[in-house]
Amino acid sequence: MKRPTPEPPAAFDIWREIFTTHRAALWSAANALVTCSCTDTVLERAREEAGAMDVPGAFRYGYALRAVVKAAIAHALQCRELPCDSHDSPSAAPKSAHIKSLPTPERFVYFLIEILGYPRRDVSLLVGMSDTNTDQLLSLARRRLKCGGHSAQPPHFSRDSNLTQTFENARCA
Ligand SMILES: [Zn+2]
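Each residue of the sequence shown is one higher than the one before, counting from 1 in the working numbering.
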């Protein structure tokens with residue numbers, strides 16, 4: 001008696017390796033986009049989605065990141081868990097703590113454009129909004145972060161965080 005041939009494992013192995021190698025970065029992205037404690041669930045879903053795709057090597061990380069973004073957006077819109085800031089997280093979490101204080105649509109737009117560097121049109125499509133709405137949300141998010149007592153930019157983008165912080169504190173006082 002013959003058993004049905006299982007799915008060839010090659011593609012899944014490839015994606016498992018991508019998600020393991022880049023786990024810290026992918027986890028940070030998912031964790032910045034969702035406010036619940038479901039970051040691992042989001043990564044798992046993204047890996048399942050990506051696993052069905054045959055993507056050339058050079059584009060795999062970008063594709064994995066995009067899969068995480070899509071899974072996180074879908075999850076954030078449907079998850080009913082209350083925001084949770086206290087769950088355990090890798091070291092990258094504090095970097096995105098201030099982003100997580102933003103309302104959900106603003107958080108998506110800000111993170112995708114300012115942190116991941118996605119083009120606005122791309123972000124509008126991912127989030128399901130017009131370019132005008134995306135622009136509005138981005139400027140709201142920027143204003144909120146600037147006056148929230150945090151640097152609006154992640155550490156690796158700040159040339160002189162002390163100076164930036166002093167300037168922002170002075171402006172928002
Ligand atoms: Zn959740």
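Glycine included, each C-beta is placed from N, C-alpha and C at the ideal position.
- Going by C-alpha positions, Asp40 is about 10 Å away from Leu26.
- Set against 8 Å, the gap from the CB of Val68 to the closest heavy atom of ligand 1 is not smaller.
- Listed in chain order, the alpha helix (DSSP H) runs fully inside the stretch 20-70 are 23-33, 39-51, counting runs of at least 4 residues.
- Residue range 104-110 is occupied by the alpha helix (DSSP H) that includes Phe108.
- Within the same chain, and ignoring the five residues on either side of Val127 in sequence, the residues whose Cβ sits closer than 8 Å to its Cβ are Ile73, Pro105, Phe108, Val109, Leu112, Thr134.
- Tyr61 sits away from His98, with the two beta carbons spaced by 9 Å or more.
- Relative to Pro103, the option among Thr35, Pro119, Ser28 whose CA is nearest is Thr35.
- The Cβ-Cβ distance between Ala32 and Ala71 does not fall below 9 Å.
- In this model, Leu145 and Glu48 are separated by some 34 Å (Cα to Cα).
- Here DSSP, grouped into helix, strand and coil, assigns Arg144 to helix.
- Assignment of Ser101 by DSSP, reduced to helix, strand and coil, places it in the helix class.
- The alpha-carbon separation between Ala67 and Lys100 amounts to approximately 20 Å.
- With respect to the 9 Å criterion, Trp15 and Ala50 are classified as neighbours on the basis of their beta carbons.
- Going by C-alpha positions, Pro119 is about 30 Å away from Asp13.
- Following the DSSP letters along the chain, one finds Arg80 in no alpha helix (DSSP H), marked with neither H nor E.
- Around the beta-carbon of Ser130, fewer than 16 other beta-carbon atoms lie within 10 Å, marking it exposed.
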